[in-house]
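So the structure is just underneath, and the comments pick up after that.
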Amino acid sequence: MNSPFHSQPFFLMRNPIQTYQWGSRTALPTLFNIPNPDQQPQAEIWMGAHPKASSEIQVGADWLPLNTLIESDPQSALSAEIYQRFGELPFLFKVLAADTALSIQVHPSKQEAEHGYQKENQQGIPLSAAHRNYKDPNHKPELVYALTAFKAMNGFRPHAEIIENVTKINSGSLNAVFQAFVDTPAADTLQSAFSQLLTLQSTEKTEAVNALMVVADENATEAPFDTIIDLAAQYPGDIGLFAPLLLNVVTLAPGEAMFLHARTPHAYIHGVGLEVMANSDNVLRAGLTPKHIDVDELIACTSFIPITPDQIKLPPQSMANGEYYPVSVPDFSFSRYRQVADIDCDMQSAEILFAVNAPLTVVHAEQTLTIEKGESVFIPACTATYTLSAMGDVVRVKNTLNT
Ligand SMILES: [Zn+2]
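Okay, so the sequence shown: first residue is 111 according to my numbering, each after it adds one.
Written as structure tokens, this is what we have:
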């Protein structure tokens, strides 16, 4: 059988759009001219080969699913080395458009995911069960890059800030939860407080949330209470409303990025961004959700070490013709070019290029392809080299080996 990856060097992508309740009805039409005739909450565009919703690529005149094409000739698509190491396209690349907040979540480490996946298999919990925590044995490092102002929570605040915030709330049940941590601030006392907070019973929980909202209303224009007011309109009564007191609240400016480490609680609150992640679905939820919260498993997979605000953003580093955002995992790399003409790109893996705000053109001996803003192109590893020109910003996602 002739491999499609040797029939042409570039493949225009047709990407599935996921509609979730928190998605934006206006962002994708405004930024990328993507139609939304039925006013759907367009939450995510998936660019990749995930079995749940694979992209299609244009091969000649046909549109074919990328995941089955990769399976038919993985070495040409991914490179022999990547195929051997990962067995699949190692990353999933998304456009994410959040109108309201996503759930607060933690992703397990690789080791925890392997162990948890095996344990739930042995317990006979179906992969589709609502209370199943581990959908696969993989970790899920994530990078998010802001296209508009992008507000999120990421990691525990320094202890002094948590104490300052929680002691503003005049609540008997909250004081009881945090007393040991306030007396002796440390990772273990924070872990105990967090666990008790998430398991507060109905009357205590109501009392604590009501006391929180009294202070939030009195300080509605001040951080972090402004965020709590916004979240309360979306998730009234949810225990996750306490999260802005405990977690860093950060707003990325367009072009800024941050990394979401394993074992670190985080939530996206509002904005449009690009997100790239390892090919995994492992999510442990911690609030702002009607879904299952497995507190014991969550606590076991969470690091209670604070992240200081200066550690949150991921400063880009210069490279020839652009910038890259250094990440500590081999599952993906993320770089950006701005207005480039005929630069040479050498490849070590499959790549996806996304045109952020203007057309881009890729050239190879056999083909020239121009895509518009909001579109993406899949380039199999066997293409080996190409030249890139762009009138605006381009994001390039691939694997970088030996780092
Ligand atoms: Zn996440």
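Glycine included, each C-beta is placed from N, C-alpha and C at the ideal position. Only a predicted model underlies this, so the values are computations on that prediction, with no experimental measurement involved.
- The criterion of a C-beta distance shorter than 8 Å is satisfied by Phe-444 and Val-505.
- Contact between Leu-370 and Val-254 holds: CB atoms are separated by about 7 Å, below the 8 Å threshold.
- Pro-268 places its beta carbon 8 Å or farther from that of Val-439.
- A direct Cα-to-Cα measurement between Ile-180 and Asn-125 gives close to 16 Å.
- Around the beta carbon of Met-263, 16 or more other beta carbons sit within 10 angstroms, so the residue counts as buried.
- The beta carbons of Ile-481 and Leu-470 sit closer together than 8 Å.
- Between Ala-372 and Leu-308, the gap from beta carbon to beta carbon reaches 8 Å or more.
- Here the distance from the Cβ of Gln-215 to the nearest heavy atom of ligand 1 is below 7 Å.
- For Ser-283, the uninterrupted alpha helix (DSSP H) segment begins and ends at 282–293.
- Counting the other CB atoms within 10 Å of its CB gives Gln-449 a total below 16, which places it among the exposed residues.
- Residue Ala-494 holds the alpha-carbon nearest to the alpha-carbon of Val-473 among Gln-168, Glu-485, Asn-467, Ala-494.
- Here Ile-214 is buried. Its C-beta has 16 or more other C-beta atoms within 10 Å.
- If you keep only unbroken beta strand (DSSP E) runs of at least 3 residues inside the stretch 114–155, you get 121–124, 127–134.
- A buried status is given to Pro-375, since no fewer than 16 other beta-carbon atoms sit within 10 Å of its beta-carbon.
- With a threshold of 7 Å, the Cβ atom of Glu-154 does not count as near ligand 1, since no heavy atom of the ligand is closer than that.
- Judged by beta-carbon spacing, Thr-129 lies within the 8 Å limit of Gln-150, meaning their Cβ atoms are closer than that value.
- Taken in chain order, the whole beta strand (DSSP E) runs of length 3 or more contained in the stretch 203–265 are 214–216, 252–256.
- Secondary structure at His-376: strand, using DSSP grouped into helix, strand and coil.
- Ranked by how close their Cα comes to the Cα of Asp-348, the residues Ala-211, Phe-196, Ala-491 have Ala-211 in first place.
- Asn-177 is the residue among Phe-142, Asp-148, Asn-177, Met-123 whose C-alpha sits nearest the C-alpha of Asn-389.
- Per the DSSP secondary-structure output, Ile-453 pairs in a beta bridge with Leu-498.
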